[in-house]
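Below is one structure; the comments refer to it alone.
In the working numbering, the protein residues as written are 1 to 277.
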(Lines of atoms letter the chains of each structure in order from A and count residues from 1; the text may use other names and numbers.)
(Lines give C-alpha, C1' and ligand atoms only; values in the text may rest on other atoms or scores of the structure.)
Protein backbone atom coordinates (compact mmCIF):
# COMPACT_ATOMS: atom_id res chain seq x y z
CA UNK A 1 0.00 0.00 0.00
CA UNK A 2 1.09 3.57 -0.61
CA UNK A 3 0.56 6.84 1.22
CA UNK A 4 -2.79 8.61 0.94
CA UNK A 5 -3.02 12.38 0.45
CA UNK A 6 -3.74 14.01 3.81
CA UNK A 7 -7.01 15.38 2.43
CA UNK A 8 -8.21 11.80 1.89
CA UNK A 9 -8.65 11.23 5.62
CA UNK A 10 -11.71 11.64 7.77
CA UNK A 11 -11.57 11.75 11.55
CA UNK A 12 -13.55 9.94 14.23
CA UNK A 13 -13.06 10.12 17.98
CA UNK A 14 -14.38 9.64 21.51
CA UNK A 15 -13.16 12.88 23.16
CA UNK A 16 -10.10 11.08 24.49
CA UNK A 17 -8.38 10.27 21.21
CA UNK A 18 -9.09 10.11 17.48
CA UNK A 19 -8.54 7.82 14.51
CA UNK A 20 -7.83 8.91 10.93
CA UNK A 21 -9.74 6.90 8.33
CA UNK A 22 -8.58 6.99 4.71
CA UNK A 23 -10.87 6.95 1.69
CA UNK A 24 -9.38 3.53 0.96
CA UNK A 25 -10.99 2.22 4.17
CA UNK A 26 -7.79 2.12 6.21
CA UNK A 27 -7.37 3.53 9.72
CA UNK A 28 -3.79 4.72 9.37
CA UNK A 29 -3.39 6.68 12.59
CA UNK A 30 -4.60 6.20 16.15
CA UNK A 31 -3.10 6.62 19.61
CA UNK A 32 -4.56 4.87 22.67
CA UNK A 33 -5.89 5.56 25.19
CA UNK A 34 -5.30 9.33 25.00
CA UNK A 35 -4.34 11.87 22.35
CA UNK A 36 -0.76 11.92 23.64
CA UNK A 37 -0.41 8.14 24.13
CA UNK A 38 1.93 6.10 21.92
CA UNK A 39 0.49 5.09 18.57
CA UNK A 40 -1.35 1.85 17.85
CA UNK A 41 -1.67 2.54 14.12
CA UNK A 42 0.76 4.83 12.30
CA UNK A 43 0.79 3.82 8.62
CA UNK A 44 0.17 7.51 7.99
CA UNK A 45 3.88 7.96 8.75
CA UNK A 46 5.29 4.57 7.74
CA UNK A 47 3.07 2.48 5.47
CA UNK A 48 5.35 -0.56 5.81
CA UNK A 49 5.86 -0.76 9.57
CA UNK A 50 3.40 1.68 11.14
CA UNK A 51 0.38 -0.61 11.43
CA UNK A 52 -3.16 -0.16 10.12
CA UNK A 53 -6.75 -1.33 10.40
CA UNK A 54 -7.99 -1.88 6.84
CA UNK A 55 -11.60 -2.62 5.90
CA UNK A 56 -12.57 -2.26 2.25
CA UNK A 57 -14.40 -4.00 -0.59
CA UNK A 58 -12.48 -5.77 -3.34
CA UNK A 59 -14.05 -3.75 -6.15
CA UNK A 60 -11.93 -3.03 -9.21
CA UNK A 61 -12.00 0.59 -10.33
CA UNK A 62 -14.25 1.73 -7.49
CA UNK A 63 -14.75 5.44 -6.94
CA UNK A 64 -14.59 6.51 -3.30
CA UNK A 65 -16.55 9.12 -1.40
CA UNK A 66 -16.40 10.10 2.23
CA UNK A 67 -19.05 11.95 4.21
CA UNK A 68 -20.44 12.22 7.72
CA UNK A 69 -23.86 11.20 8.88
CA UNK A 70 -25.48 14.66 9.23
CA UNK A 71 -24.98 16.27 12.61
CA UNK A 72 -22.62 13.56 13.87
CA UNK A 73 -19.04 12.31 13.82
CA UNK A 74 -20.07 8.98 12.29
CA UNK A 75 -18.00 8.64 9.12
CA UNK A 76 -19.27 6.91 5.97
CA UNK A 77 -16.89 5.77 3.22
CA UNK A 78 -18.63 4.67 0.02
CA UNK A 79 -17.18 2.62 -2.79
CA UNK A 80 -18.99 2.79 -6.14
CA UNK A 81 -18.25 0.43 -9.03
CA UNK A 82 -20.19 -0.98 -11.96
CA UNK A 83 -20.23 -4.39 -10.27
CA UNK A 84 -21.46 -3.20 -6.89
CA UNK A 85 -21.75 -0.48 -4.26
CA UNK A 86 -20.37 -0.87 -0.74
CA UNK A 87 -20.17 1.27 2.38
CA UNK A 88 -17.98 1.26 5.47
CA UNK A 89 -19.18 3.17 8.53
CA UNK A 90 -16.82 4.12 11.35
CA UNK A 91 -17.31 5.68 14.76
CA UNK A 92 -15.94 5.72 18.30
CA UNK A 93 -18.60 5.64 21.02
CA UNK A 94 -18.28 8.35 23.65
CA UNK A 95 -18.45 6.12 26.71
CA UNK A 96 -19.31 7.22 30.24
CA UNK A 97 -17.07 4.59 31.84
CA UNK A 98 -13.45 5.64 32.23
CA UNK A 99 -11.01 3.53 30.26
CA UNK A 100 -13.44 2.28 27.60
CA UNK A 101 -12.13 3.03 24.11
CA UNK A 102 -13.70 1.29 21.13
CA UNK A 103 -13.53 1.64 17.37
CA UNK A 104 -16.64 0.29 15.66
CA UNK A 105 -16.48 -0.53 11.95
CA UNK A 106 -19.32 -1.88 9.85
CA UNK A 107 -19.12 -3.07 6.24
CA UNK A 108 -22.30 -3.16 4.18
CA UNK A 109 -23.21 -4.00 0.60
CA UNK A 110 -25.65 -1.51 -0.89
CA UNK A 111 -25.96 -3.10 -4.33
CA UNK A 112 -24.73 -6.33 -5.86
CA UNK A 113 -22.63 -9.02 -4.20
CA UNK A 114 -19.36 -7.66 -2.86
CA UNK A 115 -16.30 -9.36 -1.38
CA UNK A 116 -14.50 -7.52 1.44
CA UNK A 117 -11.10 -7.83 3.08
CA UNK A 118 -10.22 -6.81 6.62
CA UNK A 119 -6.71 -6.50 8.05
CA UNK A 120 -6.06 -5.41 11.64
CA UNK A 121 -2.34 -4.97 12.25
CA UNK A 122 -1.55 -3.04 15.44
CA UNK A 123 2.01 -1.81 15.89
CA UNK A 124 2.23 -0.29 19.34
CA UNK A 125 4.64 2.11 21.04
CA UNK A 126 5.28 4.13 17.89
CA UNK A 127 5.65 0.92 15.84
CA UNK A 128 8.46 -0.36 18.05
CA UNK A 129 6.54 -3.46 19.10
CA UNK A 130 4.36 -5.97 17.28
CA UNK A 131 1.92 -7.33 19.87
CA UNK A 132 1.35 -11.06 20.19
CA UNK A 133 -1.89 -12.17 18.54
CA UNK A 134 -4.03 -15.06 19.74
CA UNK A 135 -7.51 -16.35 18.99
CA UNK A 136 -10.38 -15.89 21.44
CA UNK A 137 -13.85 -17.47 21.23
CA UNK A 138 -15.18 -14.42 19.38
CA UNK A 139 -12.17 -12.72 17.86
CA UNK A 140 -8.46 -12.02 18.22
CA UNK A 141 -6.59 -10.57 21.18
CA UNK A 142 -3.40 -8.50 20.81
CA UNK A 143 -1.11 -8.19 23.83
CA UNK A 144 1.97 -5.98 24.03
CA UNK A 145 4.15 -6.25 27.12
CA UNK A 146 7.09 -3.98 26.29
CA UNK A 147 7.62 -0.32 27.19
CA UNK A 148 3.97 0.47 26.47
CA UNK A 149 1.93 -2.49 27.75
CA UNK A 150 -1.51 -2.58 26.17
CA UNK A 151 -4.09 -5.22 25.35
CA UNK A 152 -6.56 -4.95 22.48
CA UNK A 153 -9.38 -7.21 21.42
CA UNK A 154 -10.92 -7.39 17.96
CA UNK A 155 -14.44 -8.81 18.01
CA UNK A 156 -15.98 -9.67 14.63
CA UNK A 157 -19.22 -11.02 13.22
CA UNK A 158 -17.27 -13.00 10.60
CA UNK A 159 -14.48 -15.60 11.05
CA UNK A 160 -10.97 -14.27 11.63
CA UNK A 161 -7.58 -15.82 11.02
CA UNK A 162 -4.11 -14.73 12.10
CA UNK A 163 -1.41 -14.03 9.52
CA UNK A 164 2.01 -12.66 10.49
CA UNK A 165 0.67 -11.18 13.71
CA UNK A 166 -2.35 -9.55 12.07
CA UNK A 167 -6.04 -10.45 12.15
CA UNK A 168 -7.40 -11.07 8.66
CA UNK A 169 -10.87 -11.77 7.27
CA UNK A 170 -12.28 -12.13 3.78
CA UNK A 171 -16.03 -12.39 3.36
CA UNK A 172 -18.82 -11.76 0.87
CA UNK A 173 -21.95 -9.70 1.51
CA UNK A 174 -25.08 -9.48 -0.60
CA UNK A 175 -27.26 -6.38 -0.83
CA UNK A 176 -28.31 -5.09 2.62
CA UNK A 177 -26.08 -7.58 4.44
CA UNK A 178 -23.47 -6.24 6.86
CA UNK A 179 -20.52 -7.34 8.98
CA UNK A 180 -19.20 -5.58 12.06
CA UNK A 181 -15.85 -5.26 13.82
CA UNK A 182 -15.15 -3.79 17.24
CA UNK A 183 -11.59 -3.04 18.32
CA UNK A 184 -11.35 -2.23 22.00
CA UNK A 185 -8.76 -1.67 24.65
CA UNK A 186 -9.21 -4.31 27.35
CA UNK A 187 -8.00 -4.80 30.90
CA UNK A 188 -7.50 -8.18 32.59
CA UNK A 189 -10.46 -9.46 34.55
CA UNK A 190 -12.94 -6.87 33.26
CA UNK A 191 -16.06 -7.69 31.30
CA UNK A 192 -16.29 -6.20 27.84
CA UNK A 193 -19.47 -4.24 27.03
CA UNK A 194 -18.99 -5.00 23.33
CA UNK A 195 -19.71 -8.67 24.04
CA UNK A 196 -23.42 -7.86 24.29
CA UNK A 197 -25.35 -9.18 21.25
CA UNK A 198 -26.79 -5.77 20.31
CA UNK A 199 -23.70 -3.73 21.17
CA UNK A 200 -22.97 -2.39 17.68
CA UNK A 201 -26.54 -1.22 17.05
CA UNK A 202 -26.85 0.27 20.54
CA UNK A 203 -23.45 2.00 20.32
CA UNK A 204 -24.41 3.47 16.96
CA UNK A 205 -27.64 4.94 18.36
CA UNK A 206 -25.89 6.31 21.45
CA UNK A 207 -23.13 7.87 19.36
CA UNK A 208 -25.55 9.52 16.93
CA UNK A 209 -27.67 10.83 19.80
CA UNK A 210 -24.63 12.16 21.69
CA UNK A 211 -23.37 14.24 18.77
CA UNK A 212 -26.78 15.51 17.71
CA UNK A 213 -27.64 16.54 21.27
CA UNK A 214 -24.33 18.36 21.58
CA UNK A 215 -24.76 20.13 18.24
CA UNK A 216 -28.35 20.99 19.14
CA UNK A 217 -27.00 23.41 21.74
CA UNK A 218 -25.80 25.67 18.93
CA UNK A 219 -27.99 28.66 18.14
CA UNK A 220 -26.14 29.60 14.95
CA UNK A 221 -28.52 30.23 12.04
CA UNK A 222 -26.28 32.27 9.73
CA UNK A 223 -24.61 31.60 6.40
CA UNK A 224 -22.73 28.37 5.69
CA UNK A 225 -24.44 26.72 8.64
CA UNK A 226 -23.47 23.19 7.59
CA UNK A 227 -19.79 24.13 7.33
CA UNK A 228 -19.89 25.98 10.65
CA UNK A 229 -21.48 22.96 12.34
CA UNK A 230 -18.91 20.59 10.85
CA UNK A 231 -16.10 22.86 12.07
CA UNK A 232 -17.63 22.88 15.55
CA UNK A 233 -17.89 19.08 15.58
CA UNK A 234 -14.27 18.75 14.47
CA UNK A 235 -13.05 21.13 17.17
CA UNK A 236 -15.07 19.20 19.73
CA UNK A 237 -13.38 15.97 18.55
CA UNK A 238 -10.02 17.58 19.38
CA UNK A 239 -11.12 18.43 22.92
CA UNK A 240 -10.10 16.14 25.77
CA UNK A 241 -13.17 15.23 27.79
CA UNK A 242 -11.18 14.37 30.97
CA UNK A 243 -9.12 17.58 30.89
CA UNK A 244 -11.24 20.09 28.94
CA UNK A 245 -8.30 21.20 26.81
CA UNK A 246 -8.06 21.17 23.01
CA UNK A 247 -5.06 19.77 21.16
CA UNK A 248 -3.52 21.77 18.33
CA UNK A 249 -3.59 18.61 16.22
CA UNK A 250 -4.08 14.91 17.01
CA UNK A 251 -0.99 13.94 14.97
CA UNK A 252 2.78 13.99 15.28
CA UNK A 253 5.63 13.73 12.81
CA UNK A 254 3.91 15.36 9.83
CA UNK A 255 6.02 18.11 8.23
CA UNK A 256 4.62 21.58 7.65
CA UNK A 257 5.80 21.05 4.08
CA UNK A 258 7.00 17.91 2.30
CA UNK A 259 10.72 17.54 2.84
CA UNK A 260 10.71 20.16 5.58
CA UNK A 261 12.32 19.99 9.00
CA UNK A 262 9.43 21.23 11.15
CA UNK A 263 8.02 17.80 12.02
CA UNK A 264 6.62 18.69 15.40
CA UNK A 265 4.42 16.74 17.77
CA UNK A 266 1.29 18.89 17.88
CA UNK A 267 -0.60 16.84 20.49
CA UNK A 268 -0.32 19.71 22.95
CA UNK A 269 -2.56 22.56 23.99
CA UNK A 270 -1.29 26.01 23.10
CA UNK A 271 -3.04 28.64 25.24
CA UNK A 272 -2.98 31.13 22.35
CA UNK A 273 -4.41 28.70 19.80
CA UNK A 274 -6.97 27.26 22.21
CA UNK A 275 -8.26 30.75 22.98
CA UNK A 276 -9.21 31.17 19.31
CA UNK A 277 -11.61 28.22 19.52
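All C-beta atoms in this analysis are idealised placements derived from N, C-alpha and C, irrespective of residue type, glycine included.
- Item | Own chain partners of residue 144 with C-beta closer than 6 Å, once the 5 adjacent residues on each side are dropped | Around residue 144: 124, 129, 131 and 150.
- Below 8 Å, can you find three or more Cβ-Cβ pairs linking the stretch 49 to 57 to the stretch 104 to 121? Note that the stretch 49 to 57 touches the stretch 104 to 121; at least 3 beta-carbon pairs, one per stretch, sit closer than 8 Å.
- Whole-number beta carbon distance between residue 55 and residue 105, since they are thought to touch under 8 Å: With a contact defined as Cβ atoms closer than 8 Å, residue 105 and residue 55 qualify at about 5 Å.
- Can you say whether residue 101 is buried or exposed, counting buried as having 16 or more other CB atoms within 10 angstroms of its CB? Buried: at least 16 other Cβ atoms inside 10 Å.
- Query: Under 7 Å, do residue 33 and residue 207 count as touching if we go by C-beta distance?
  - Reply: The answer is no: Cβ separation not under 7 Å.
- If you compare alpha carbons, which of 249, 147, 179 and 46 is closest to residue 13? Per the Cα distances, 249.
- Task: Look at residue 245 and residue 269 and say whether their C-beta atoms are less than 7 Å apart.
- Result: Cβ distance < 7 Å, so residue 245 and residue 269 count as in contact.
- Task: Would you identify the three-state DSSP class for residue 275, choosing helix, strand or coil?
- Result: In the three-state reduction of the DSSP assignment, residue 275 falls in the helix class, which pools H, G and I.
- Query: In terms of alpha-carbon separation, which member of 85, 142, 30 and 37 lies closest to residue 60?
  - Reply: When only C-alpha atoms are compared, the closest one is 85.
- Where does the unbroken alpha helix (DSSP H) through residue 35 begin, and where does it stop? Counting along the chain, residue 35 falls outside any alpha helix (DSSP H), and DSSP gives it neither H nor E.
- Beta-carbon separation (whole angstroms), residue 71 vs residue 212, contact threshold 8 Å: The beta-carbon distance between residue 71 and residue 212, rounded to whole angstroms, is 5 Å. This is short enough to meet the 8 Å contact definition.
- Message: Here's the rule I'm using: 16 or more other beta-carbon atoms within 10 Å means buried, otherwise exposed. How should residue 135 be labelled?
- Response: Exposed, by the Cβ-count rule.
- Message: Spatial neighbours of residue 108 within its chain, please: C-beta separation below 6 Å, excluding the five flanking residues on both sides.
- Response: Closer than 6 Å at the Cβ level, and outside the excluded window around residue 108, lie 87 and 178.
- Task: Under 6 Å Cβ to Cβ from residue 266, same chain only, skipping five residues before and after it: list those, please.
- Result: Within the same chain, residue 266 has close Cβ partners 248 and 249.
- Can you give the Cα-Cα distance for residue 222 and residue 216, rounded to whole angstroms? Going by the C-alpha atoms only, they are around 15 Å apart.
- From this set, 156, 4 and 262, which residue's C-alpha is nearest residue 43's C-alpha? Nearest of 156, 4 and 262 to residue 43, Cα basis: 4.
- Cβ pair residue 170, residue 117 closer than 7 Å: The criterion of a C-beta distance shorter than 7 Å is satisfied by residue 170 and residue 117.
- Item | Cβ separation of residue 233 and residue 184, assumed to be a contact under 8 Å, to the nearest whole Å | Contact doesn't hold; Cβ gap of about 23 Å is too wide.
- Task: Within 10 angstroms of the Cβ of residue 276, are there 16 or more other Cβ atoms? Answer buried if so, exposed if not.
- Result: Label assigned to residue 276: exposed.
- Query: From residue 66 to residue 235, what does the alpha carbon distance come to, in whole angstroms?
  - Reply: The straight-line gap from Cα to Cα measures roughly 19 Å.
- Item | Limits of the alpha helix (DSSP H) - the one that residue 231 falls within | The continuous alpha helix (DSSP H) containing residue 231 extends over residues 225 to 237.
- Task: Taking residue 209 as part of the alpha helix (DSSP H), name the residues at either end of that continuous run.
- Result: Taken as a continuous stretch (DSSP letters only), the alpha helix (DSSP H) holding residue 209 covers 199 to 215.
- Message: Considering only DSSP beta bridges, list what residue 167 is partnered with.
- Response: Bridge pairing for residue 167: 120 and 162 [DSSP].
- Message: If you measure between the beta carbons of residue 15 and residue 29, is that distance less than 7 Å?
- Response: No. Outside cutoff.
- Query: With 16 other CB atoms within 10 Å as the buried threshold, where does residue 57 fall?
  - Reply: By the 10 Å Cβ count, residue 57 comes out buried.
- Item | Residue from 141, 242, 175 and 263 whose Cα sits closest to the Cα of residue 35 | Here the closest residue by C-alpha is 242.
- With distances taken Cα to Cα, identify the nearest neighbour of residue 159 among 165, 147, 172 and 148. Ranking 165, 147, 172 and 148 by Cα distance to residue 159 puts 172 first.
- Query: Would DSSP call residue 7 helix, strand or coil?
  - Reply: Here residue 7 sits in helix by DSSP.
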